[in-house]
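Sequential numbering of the sequence shown, starting at 1, is according to UniProt numbering. Just so you know, even glycine gets a beta-carbon here, dropped at the ideal spot from N, CA and C. Just so you know, these numbers come straight off a predicted model, no measurement behind them. Here the structure comes first, spelled out in structure tokens, and everything after it is commentary.
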Amino acid sequence: MKILFCGSCLPPQFERKVKYLSAAGNQYQNNLIKALKAHNEVKIISFINIELEISLDELSSECETLNIKPVITQNGTLAAFIKYRKLLKQEIKWADIIISYNVLYPWFGLGRMAAKYHKKAVAVVADYTPPAEHGSLLRKIYAQLTQREFSKYQKIVMLSPGVDAYLKSDQEKMVVNGCLELSKFENITPPTLKNTINIVYTGLLSKITGVDLLVESFMKVNNPKLRLIISGQGEDMSIYLTESAKKDNRIIFKGFVSREEYYEILQSADILVNPRNMNYLQNTNNFPSKVLEYIATGRVIISTKFNGYEEYYEHIIFVDSSESALIAGFLKAVEVVCEDASIVYEKNREFAREFGWEEQIDKFM
Numbered sequence: 001m002k003i004l005f006c007g008s009c010l011p012p013q014f015e016r017k018v019k020y021l022s023a024a025g026n027q028y029q030n031n032l033i034k035a036l037k038a039h040n041e042v043k044i045i046s047f048i049n050i051e052l053e054i055s056l057d058e059l060s061s062e063c064e065t066l067n068i069k070p071v072i073t074q075n076g077t078l079a080a081f082i083k084y085r086k087l088l089k090q091e092i093k094w095a096d097i098i099i100s101y102n103v104l105y106p107w108f109g110l111g112r113m114a115a116k117y118h119k120k121a122v123a124v125v126a127d128y129t130p131p132a133e134h135g136s137l138l139r140k141i142y143a144q145l146t147q148r149e150f151s152k153y154q155k156i157v158m159l160s161p162g163v164d165a166y167l168k169s170d171q172e173k174m175v176v177n178g179c180l181e182l183s184k185f186e187n188i189t190p191p192t193l194k195n196t197i198n199i200v201y202t203g204l205l206s207k208i209t210g211v212d213l214l215v216e217s218f219m220k221v222n223n224p225k226l227r228l229i230i231s232g233q234g235e236d237m238s239i240y241l242t243e244s245a246k247k248d249n250r251i252i253f254k255g256f257v258s259r260e261e262y263y264e265i266l267q268s269a270d271i272l273v274n275p276r277n278m279n280y281l282q283n284t285n286n287f288p289s290k291v292l293e294y295i296a297t298g299r300v301i302i303s304t305k306f307n308g309y310e311e312y313y314e315h316i317i318f319v320d321s322s323e324s325a326l327i328a329g330f331l332k333a334v335e336v337v338c339e340d341a342s343i344v345y346e347k348n349r350e351f352a353r354e355f356g357w358e359e360q361i362d363k364f365m
């Protein structure tokens with residue numbers, strides 16, 4: 001099958017070199033493309049609207065190798081928009097199916113274009129923030145236009161069930177919380193008993209993801225054997241985390257790490273935590289993809305109650321988005337680590353097999 005992929009991805013090796021790139025979003029798109037290429041012919045048009053600190057020649061060369069046609073801009077210029085539209089009109093005639101990652105303005109109208117040429121259009125909606133959650137009038141209008149575009153696709157793949165509220169009731173749709181490249185977790189071995197218990201958070205550093213809630217809760221737990229290890233990107237929290245580590249020497253802030261270092265940190269973990277603050281309405285329409293990777297490690301996991309959490313109830317310790325709830329979660333998780341870590345390891349590793357890309361990829365068609 002011939003597939004045209006519309007997204008905003010860069011080749012994986014550039015993730016650490018681009019300041020405002022979402023590493024999780026980029027990895028998801030690249031993994032999706034890799035899975036699609038296993039049995040299909042795939043072309044990619046990527047709209048890159050961020051500040052780049054890399055050589056354009058180097059980027060273009062690598063994109064060409066991966067069959068990616070990049071449209072690069074830093075300010076969303078009209079020229080870049082026009083270039084993307086021209087590429088889209090050219091390649092849509094070639095494709096049997098068009099898959100977009102989220103619905104961005106460069107491919108507004110894609111659903112109608114696909115219908116015109118009797119092609120199937122599928123939108124993978126990773127997250128969506130409704131108009132009421134935006135402060136500026138322009139962003140409210142953009143959110144309204146995006147929601148209108150959802151209805152023009154033949155199929156919607158949602159990463160969170162919360163998106164369903166903004167779709168047509170009779171639209172073809174399904175929830176695929178996330179997928180795993182299982183081979184990346186093969187070498188993670190069971191945790192071993194040691195003098196300290198490592199609690200680990202990896203990912204975006206912001207109040208939205210609950211990093212401040214995590215740190216403040218941890219600092220109130222009086223247990224010298226606990227360590228809180230945090231890695232990720234998000235400049236608004238870096239200073240806060242650096243200062244917190246000075247106040248409490250049990251806190252270790254590693255900053256943004258490579259994928260290799262990321263897997264090493266997961267291996268060192270006894271407890272993994274997803275503290276996403278569900279008091280923010282925008283968090284009801286996205287799925288914390290790190291949870292699946294956490295499950296694949298076989299570790300004890302603490303998480304706040306994301307939309308659709310009930311499916312994972314037997315594999316995660318769920319808590320409300322409050323300091324007292326997180327503190328209680330820490331205490332319960334430590335007890336499980338000391339008594340049942342090996343049981344959790346086997347149970348979660350087996351559950352993770354259900355989320356491999358090979359098992360899930362047909363759902364995107």
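Collapsed DSSP secondary structure at residue i in the structure displayed
i	result
residue 214	helix
residue 21	coil
residue 227	strand
residue 101	strand
residue 62	helix
residue 7	strand
residue 318	strand
residue 265	helix
residue 177	coil
residue 356	strand
residue 202	strand
residue 184	helix
residue 41	strand
residue 127	coil
residue 288	coil
residue 370	Nothing about residue 370 can be read from this structure; the chain reaches only from 1 to 365.
residue 149	helix
residue 51	coil
Short Cβ contact (8 Å threshold) for residue i with residue j
i	j	result
residue 315	residue 295	yes
residue 22	residue 47	no
residue 283	residue 208	yes
residue 70	residue 78	no
residue 290	residue 203	yes
residue 226	residue 275	no
residue 97	residue 120	yes
residue 319	residue 328	yes
residue 12	residue 63	no
residue 253	residue 245	yes
residue 435	residue 88	The structure shown does not extend to residue 435, since the chain is modelled only from 1 through 365, so no value can be given for it.
residue 82	residue 364	no
residue 287	residue 177	yes
residue 68	residue 50	no
residue 159	residue 357	no
Cross-strand partners of residue i (DSSP beta bridge)
i	result
residue 70	46
residue 255	231
residue 273	302
residue 122	99 and 155
residue 197	226
residue 172	155
residue 2	41
Anticipated Cβ contact below 8 Å, residue i with residue j, distance rounded
i	j	result
residue 297	residue 185	6 Å
residue 26	residue 15	6 Å
residue 300	residue 270	7 Å
residue 352	residue 292	7 Å
residue 250	residue 272	In fact, because the Cβ distance is near 17 Å, the residues do not count as touching under 8 Å.
residue 150	residue 123	7 Å
Give a yes or no on contact between the segment 138-156 and the segment 108-118, applying the rule of three or more CB pairs nearer than 8 Å.
A contact is defined here as three or more CB-CB pairs under 8 Å, and the segment 138-156 meets this definition with respect to the segment 108-118.
Quick check: the segment 158-169 against the segment 190-206, are there 3 or more CB pairs under 8 Å?
no
Any 3 or more C-beta pairs closer than 8 Å across the segment 214-221 and the segment 235-248:
The segment 214-221 vs the segment 235-248: in contact.
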